[in-house]
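Take the sequence shown: its letter number 266 is residue 266 in full-length UniProt numbering, and every next letter is one higher. Glycine residues also receive a C-beta, built at the ideal position from the N, C-alpha and C atoms. These numbers come from a predicted model, not from an experiment. Right, one structure below, let's go through it.
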Amino acid sequence: MDTPVRAAIDAGQSDRPDVSVVIPVFNEFDNLRDLVQRVGAALEPTGWTFELLCIDDGSTDGSAALLAQLAGQYPWLHPVALARNYGQSTALQAGFERARGRYIVTLDGDLQNDPLDIPALIERLETDPEVDVISGWRRQRQDKALSRRLPSVVANRLISWATRVPLNDYGCALKAYRREIIERIRLYGELHRFIPSLAREVGARIVEVPVRHHARTRGQSKYGIDRTFRVILDLVLIVFFLRYRQRPLHAFGGLGLWLLTPGLLILLYLGVQKLMGEDIGMRPLLLAGVMMVLMGVQLIVAGLTGELLIRIYHEGTARPQYHTRPVSAPRP
């Protein structure tokens with residue numbers, strides 16, 4: 001993350017905490033005081049140093065002012081107020097860029113995730129070097145509304161199948177990461193739903209563990225059944241990103257060849273018929289053949305353009321094409 005924010009934060013590496021908790025907040029005024037207290041109650045007994053980054057995503061209910069007030073009571077609370085409502089992915093990215101801990105934990109601000117689960121997740125990362133990301137699984141969800149449970153089931157199965165990262169609960173915000181994994185990914189749009197997939201793409205080893213889940217008692221849910229349709233659109237993006245980001249010609253060019261080949265065969269067939277004296281000018285097959293050839297050529301050109309952009313992306317920004325991990329000798 002070569003940003004001014006990251007450079008400023010890295011300048012003070014000596015006082016890095018062990019754990020950074022990142023929570024995006026949008027109109028959660030009624031929950032914030034309890035949320036901050038519960039995070040402190042969960043982490044203070046562990047002996048780990050920690051910080052809590054609450055990213056106010058343009059709230060209109062006074063959440064930002066309350067966070068500023070609470071920061072005066074809790075020195076480990078660091079509120080960040082975004083200029084407007086950008087969405088959960090951007091809020092998380094703002095938190096990731098400011099997080100200084102060796103381990104980074106995310107959860108929602110509605111008190112449905114339980115901060116008391118955080119120490120167990122960190123302990124697993126501390127003791128198991130073969131795990132980079134721990135994703136929470138709300139095995140016993142307390143959401144009673146079918147409009148929330150059904151879309152979640154459909155989305156989890158669809159995302160697991162399409163991304164080839166099988167998880168039971170992609171929607172659970174409670175996750176723990178090693179710092180180096182977070183530094184390899186960037187979020188935009190609504191890619192927060194696919195963080196495990198993005199993490200796997202940069203080499204993370206992921207496990208899923210059951211966590212507690214509570215019913216919402218205060219505030220209003222920000223999710224509805226319309227989210228399912230947005231997930232499908234985002235899924236198209238993430239599948240393309242994961243499979244074809246390094247080789248866009250295979251995506252566009254492959255589809256282009258599927259159109260170009262039958263289009264050329266159609267035109268060849270009609271050309272032979274024209275040489276035999278038949279009138280082909282009014283045949284719909286001629287229009288179909290011409291359209292398939294033109295579309296095929298356009299897609300192949302789009303793939304070549306994508307290849308050039310990828311080269312510029314890697315060479316111009318010096319972003320790595322691969323990542324490595326420490327190699328340790330097997331235990332006797």
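Through-space distance from residue j to residue i, alpha-carbon basis
i      : j      : result
Leu309 : Asp15  : 40 Å
Leu174 : Ile312 : 36 Å
Val22  : Gly95  : 6 Å
Pro17  : Thr46  : 13 Å
Arg178 : Ala204 : 9 Å
Gly303 : Ala251 : 7 Å
Val19  : Gly40  : 12 Å
Thr163 : Ser197 : 7 Å
Ile104 : Tyr86  : 21 Å
Ile134 : Leu125 : 8 Å
Leu116 : Leu43  : 8 Å
Leu35  : Arg138 : 19 Å
Val154 : Pro248 : 29 Å
Ser59  : Ala83  : 10 Å
Arg38  : Ile118 : 11 Å
Gln246 : Gly253 : 14 Å
Ala11  : Glu201 : Caution applies to Ala11, whose pLDDT of 48 falls short of 50 and renders its modelled position unreliable; the value that the coordinates give is listed next. Each residue's Cα considered, the two are about 29 Å apart.
Pro262 : Met292 : 8 Å
Asn156 : Gly271 : 51 Å
Tyr170 : Arg193 : 6 Å
Ala64  : Gln140 : 32 Å
Asn168 : Val211 : 12 Å
Gln88  : Thr106 : 12 Å
Val236 : Leu242 : 10 Å
Secondary structure of residue i, DSSP reduced to three states
i      : result
Phe26  : coil
Asp56  : strand
His250 : helix
Ala162 : helix
Tyr103 : strand
Asn156 : helix
His192 : helix
Val207 : strand
Asn31  : helix
Glu51  : strand
Val19  : strand
Ala11  : Low local confidence applies: a pLDDT of 48 at Ala11 is under 50, so the model's placement there is unreliable, and no value is given.
Residue i - containing alpha helix (DSSP H), residue span
i           : result
Thr90       : 88-98
Ala81       : That residue, Ala81, is in no alpha helix (DSSP H); its beta strand (DSSP E) goes 77-81.
Arg186      : It is not in any alpha helix (DSSP H) - Arg186 carries neither H nor E in the DSSP assignment.
Glu126      : 118-127
residue 335 : Only positions 1 to 332 of the chain appear in this structure, which leaves residue 335 out of reach.
Ala65       : 63-71
The beta strand (DSSP E) enclosing residue i, as first and last residue numbers
i      : result
Arg178 : 175-178
Ile134 : 133-137
Buried versus exposed call for residue i [16 or more other C-beta atoms within 10 Å across all chains shown]
i      : result
Gln93  : buried
Glu28  : buried
Ile266 : buried
Asp128 : exposed
Trp258 : exposed
Glu123 : exposed
Residue i at chain D interface by Cβ criterion, 8 Å
i     : result
Ala68 : Protein chains in the displayed structure number just one, and chain D is not present.
Cβ distance (whole Å) where residue i is taken to contact residue j below 8 Å
i      : j      : result
Gly101 : Phe50  : 7 Å
Asp61  : Val25  : Not a contact, Cβ separation roughly 10 Å.
Leu299 : Leu268 : Wrong, their Cβ atoms sit about 20 Å apart, outside the cutoff.
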